[in-house]
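Structure first, then comments.
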């Protein structure tokens, strides 16, 4: 056998749950390590180990990914109430994906795998469709609660001087319900926009931006405004 391909730098290796652990071990043994001198920093993101470390291992994996520049992550379980009971967990730990994305502040690009000899479903399409998804905030860093009947939920903003601005979300007079709060930042939205523009240019793809700004006239419209500003400043020419 010829000499293995040498890796100059290590990558962050994040193990997962259930069958993904078995499949990843098989992939490494049969397809990677026979040919590549694999260098990794290993982090076990299996649910039991996240529980044992009070989720510190997830934050360590995120830091390693940022430091090393490349990370490979297996699928993991985000526990619900049934999983908490099944694994006897200390608490309902958050999504590892959300934790890592929030730490990295990146963008998720979902691109098809194109290989010679595999016929495409629509042969006339010569370029892939790549979905870019913002990887910070929104539902992944939300706060939510059940609301009892005869309760009123408000959105409250407190500025640096202590002044409050209040908006009523809903007055639950006719029964209980649920409420959810989400957020985003201008810096994160700007990073998302730049990542989208740069990726489209590097891959020679058209870039289409979609949002529901006709309904979400502040939250979604902020995305639209920032994309337009960055396009005007950096990419219009």
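In the working numbering, the protein residues as written are -3 to 233. The beta carbon of each residue, even a glycine, is placed where N, CA and C say it ideally should be. Note that the structure is a prediction, hence the values are computed from the model and not measured.
Next on the checklist: Could you check whether the stretch 111 to 127 touches the stretch 162 to 180, counting it as contact only if at least three pairs of C-beta atoms, one from each stretch, sit closer than 8 Å?
Outcome noted: With the cut-off at 8 Å, the stretch 111 to 127 and the stretch 162 to 180 do not touch.
Next on the checklist: On the DSSP letters alone, give me the boundaries of the alpha helix (DSSP H) that residue 115 sits inside.
Outcome noted: Here residue 115 belongs to no alpha helix (DSSP H), and DSSP marks it neither H nor E.
Next on the checklist: Quick check: the stretch 213 to 220 against the stretch 153 to 168, are at least 3 beta-carbon pairs closer than 8 Å?
Outcome noted: Put simply, the stretch 153 to 168 does not touch the stretch 213 to 220. Fewer than three CB pairs are less than 8 Å apart.
Item to check | Beta-ladder partner(s) of residue 191, from DSSP | outcome: Looking at the DSSP assignment, residue 191 forms no beta bridge with any residue, so it has no partner.
Next on the checklist: Could you give the first and the last residue of the continuous alpha helix (DSSP H) run that contains residue 54?
Outcome noted: Unbroken alpha helix (DSSP H) run through residue 54: 52 to 64.
Checklist entry - Between which two residues does the beta strand (DSSP E) harbouring residue 166 extend? => result Per DSSP, the continuous beta strand (DSSP E) segment holding residue 166 begins and ends at 160 to 168.
Item to check | C-alpha distance - residue 189 paired with residue 226, whole-angstrom precision | outcome: If you draw a straight line from the Cα of residue 189 to the Cα of residue 226, it comes to about 7 Å.
Item to check | Three or more C-beta pairs below 8 Å linking the stretch 25 to 34 and the stretch 54 to 70 | outcome: No, they do not touch.
Checklist entry - What distance in whole Å lies between the Cβ atoms of residue 91 and residue 39, which are believed to be in contact at a cut-off of 8 Å? => result That pair is no contact at about 16 Å.
Next on the checklist: Between residue 41 and residue 11, how many whole angstroms is the CB-CB distance? I'm expecting something under 8 Å.
Outcome noted: The Cβ separation is near 6 Å, so the contact holds.
Next on the checklist: Give me the DSSP bridge partner(s) of residue 11.
Outcome noted: Partner(s): 40.
Checklist entry - How would you label residue 184, buried or exposed, when you count the other beta carbons within 10 angstroms and need 16 or more for buried? => result So residue 184 ends up on the buried side.
Item to check | Cβ separation of residue 61 and residue 34, assumed to be a contact under 8 Å, to the nearest whole Å | outcome: The pair is not a contact, with the Cβ atoms about 16 Å apart (cut-off 8 Å).
Item to check | From 48, 105, 59, 71, residue whose alpha carbon lies closest to that of residue 84 | outcome: Of the residues 48, 105, 59, 71, the one whose Cα lies closest to the Cα of residue 84 is 48.
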